[in-house]
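S.K.: Would you mind keeping the following structure in view while I ask a few things?
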Amino acid sequence: MISNFKNSNNYRSKIHNLIPGGAHTYSKGDDQFPLLSPAAIKKGKGAYVWDIDDNKFLDCSMGLTSVGLGHAYEPVLDAVRKEIELGVNFQRPSYIELEMAEKFLSLVPQHQMIKFAKNGSIVTTAAVKIARAYTKRNLVAFPYDHPFYSYDDWFIGKTQCDAGIPDEAKILSVTYKADDLNSLKELFAKYPNQIACVISEPEKWTPLPDNYLQDAITFVQAQGAIYILDEMITGFKTDLPGSIKKYNVTPDIATWGKGIANGFSFSAMTGKKEIMEIGGIIKEGSERVFLTSTTHGGETHAIAAGIATINEYQKHNVIEHNHKIGDLLLKECNELILKNNLQDYISILGDNWMQVFVFKKNNKEVCMGMRTYFMQEMIKRGILFQAAFVPCFSHTQQDIQFFTSQLNECLKLYQNALNDGYEKHLIGPPTKPVFRKFN
Ligand SMILES: Cc1ncc(COP(=O)(O)O)c(C=O)c1O
């Protein structure tokens, strides 16, 4: 049982005075974990990470879903090492940008052009901008029941955390219910000829209605708007490159990040030529669209990491491995939940590409306290669990057996907490939602 968090406690005591939020992604913050948990990670290898107290954990969320092959994965590191030796940033583009453009677009035959950046928000915002420029409309639409698309005004202004965003910006975003064609149609009826684009993840944790994605894309395009498929999470997970292939659809633009370079900072937007080219410089006399322009967008070793990642996915059929791991986890965990008679209190959403656990208290309401208690007990047992599992190429069947054996023990404890309340068992406060009005 892991109980030594001495260095972590020391880290926690300092970091919030130095870094607002104590991390550079709110979902990595201390308010997202139980008190008995690592505050910072020292290293990772394959499917495991070690914290600053040298505790070893099986990793479950794999760098916020960005590490699909495994931590410090050698073939990717080799490519990165080679590229670093050649220099990482130049006055002109690096040769590797052409190589990557061709390679990535070969995975997305629906699209002819690609633009690189360093994280997801840059490319989702760029996609929104080009859609507005192309359609000459202002409104941006996205599902209100999806968690996140960007830290920029057009998205954050619609969440609880809207401080710092002017009302003038907020009213330019409009929302509808995810995966609900009628809701989408009602939105377009309410704002005729005003919506520039719909941006949506292709799928979340519940199955899509039959033919939904194709129907939604066809409808939006018929309305003269742009359909942006945000494959930030689904990319390199549901398929290679993602749900665009799984459902064989042709959105106008797709946005990619997270897992496409095995954790290195590399993101991209791909799109149809007639739209993407308005961000270009060769059409004499056309109005300029300042699509994205970032000093580090062409950083060579991150692109090399991306190329090596694609090569590994193709060479080893990584998607198939990861889905097998996900299927196994789903099967074993669901059996254990049933065996422990907890099916009314713990459920698993998602599919073989990612699994999300939902925890409820004895009145069957979703409960952060019960969730945090479960996390605490899994973490004690060497599993860095944040209520989700993202299979990667380094996860083995043995890792899943380890996960399920520890889960089984925690399920027994869960029953006690259902009877007498998590407050008796949880050390420290429950985790809080990332999007909340007040701390
Ligand atoms: C669906 C989706 N889009 C965009 C983003 C933004 O990506 P990044 O954190 O790389 O800026 C995220 C991040 O979680 C995401 O989940």
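Add 91 to a position in the sequence shown, counting from 1, and you land on the number used in the working numbering.
Glycine residues also receive a C-beta, built at the ideal position from the N, C-alpha and C atoms.
Tell me which residues share the same chain as G303 and place their Cβ nearer than 6 Å to its Cβ, disregarding the 5 neighbours each side in the sequence.
M.R.: It is worth fixing the name first, because residue 303 is Tyr in this sequence and not Gly. D270.
S.K.: Comparing alpha-carbon positions, which option in G178, I401 and D321 lies nearest S212?
M.R.: Cα-wise, what sits closest to S212 is D321.
S.K.: Helix or strand or just coil, what does DSSP make of P166?
M.R.: Helix.
S.K.: Rounding to the nearest angstrom, what Cα-Cα distance links H412 and G159 in this structure?
M.R.: Taking the straight line from one Cα to the other gives about 11 Å.
S.K.: Going by the C-beta, is D121 closer than 7 Å to any heavy atom of ligand 1?
M.R.: No; taking the cut-off as 7 Å, the Cβ of D121 has no heavy atom of ligand 1 nearer than that.
S.K.: Can you give me the start and stop residues for the beta strand (DSSP E) that A396 sits inside?
M.R.: Element bounds for A396: not the beta strand (DSSP E) but the alpha helix (DSSP H), T391 to H407.
S.K.: Considering only the alpha carbon of each residue, which of M360, G248, T346 and L230 lies closest to G315?
M.R.: Comparing Cα positions, the closest option is L230.
S.K.: Which runs of the alpha helix (DSSP H) spanning at least 4 residues fall entirely within the segment 200-226, listed in chain order?
M.R.: Taking only runs of at least 4 residues, the alpha helix (DSSP H) segments lying wholly in the segment 200-226 are 211-226.
S.K.: At the level of alpha carbons, what is the spacing between F327 and V447?
M.R.: Their backbone Cα atoms lie some 18 Å apart in a straight line.
S.K.: Just the Cα atoms here: how many angstroms apart are S274 and T297?
M.R.: Taking the straight line from one Cα to the other gives about 17 Å.
S.K.: According to DSSP, is I290 helix, strand or coil?
M.R.: Of the three classes helix, strand and coil, the one that applies to I290 here is strand, per DSSP.
S.K.: Can you tell me whether Y235 is helix, strand or coil according to DSSP?
M.R.: Correct three-state label for Y235: coil.
S.K.: Secondary structure at M323, three-state DSSP: helix, strand or coil?
M.R.: If DSSP states are grouped into helix, strand and coil, M323 belongs with coil.
S.K.: Given 7 Å as the limit, tell me if K349 has its C-beta closer than that to any heavy atom belonging to ligand 1.
M.R.: Yes, Cβ of K349 sits closer than 7 Å to a heavy atom of ligand 1.
S.K.: Which one or two residues does DSSP pair with V380 in a beta bridge?
M.R.: Looking at the DSSP assignment, V380 forms no beta bridge with any residue, so it has no partner.
S.K.: So, helix, strand or coil for L509, using DSSP?
M.R.: Three-state DSSP puts L509 in a helix.
S.K.: Select from L263, G178 and Y242 the residue whose C-alpha is nearest the C-alpha of A254.
M.R.: Checked all of L263, G178 and Y242; the closest Cα to A254 is Y242.
S.K.: Check the C-beta distance from K374 over to E368 and give it rounded, since I have them as a contact under 8 Å.
M.R.: Indeed they touch by this definition, with Cβ atoms about 7 Å apart.
S.K.: For V525, which three-state DSSP category applies?
M.R.: The answer is coil: DSSP assigns V525 none of H, G, I, E or B.
S.K.: Using three-state DSSP, classify A359 as helix, strand or coil.
M.R.: Here A359 sits in strand by DSSP.
S.K.: Check whether the Cβ atoms of A352 and T400 sit closer than 8 Å, and answer yes or no.
M.R.: Yes, they are a contact pair.
S.K.: Should M323 be counted as a contact of ligand 1 given a C-beta to heavy atom distance under 7 Å?
M.R.: Yes, since a heavy atom of ligand 1 falls inside the 7 Å radius drawn around the Cβ of M323.
S.K.: Please name the residue in G397, L126, L168 and A395 whose C-alpha comes closest to that of K136.
M.R.: Taking only the C-alpha atoms, the option nearest K136 is L168.
S.K.: For V199, is the classification buried or exposed, using 16 other Cβ atoms within 10 angstroms of its Cβ as the cut-off for buried?
M.R.: So V199 ends up on the buried side.
S.K.: Return yes when the C-beta of F239 is under 7 Å from any heavy atom of ligand 1, and no when it is not.
M.R.: At least one heavy atom of ligand 1 is nearer than 7 Å to the Cβ of F239, so yes.
S.K.: Which residues in the same chain have their Cβ closer than 8 Å to the Cβ of P173, if we skip the five residues on either side of it in sequence?
M.R.: For the sequence presented, residue 173 should be read as Lys rather than Pro. Cβ within range, chain order: A395.
S.K.: Quick one, are the C-beta atoms of H202 and T325 less than 8 Å apart?
M.R.: The answer is no: Cβ separation not under 8 Å.
S.K.: Check whether the segment 208-223 touches the segment 428-448, counting contact only when three or more Cβ pairs, one atom from each stretch, lie closer than 8 Å.
M.R.: No: the two stretches stay apart, fewer than three of their Cβ pairs being nearer than 8 Å.
S.K.: List the endpoints of the continuous alpha helix (DSSP H) containing Q467.
M.R.: Looking at the DSSP string, the run of the alpha helix (DSSP H) that includes Q467 is M459 to K471.
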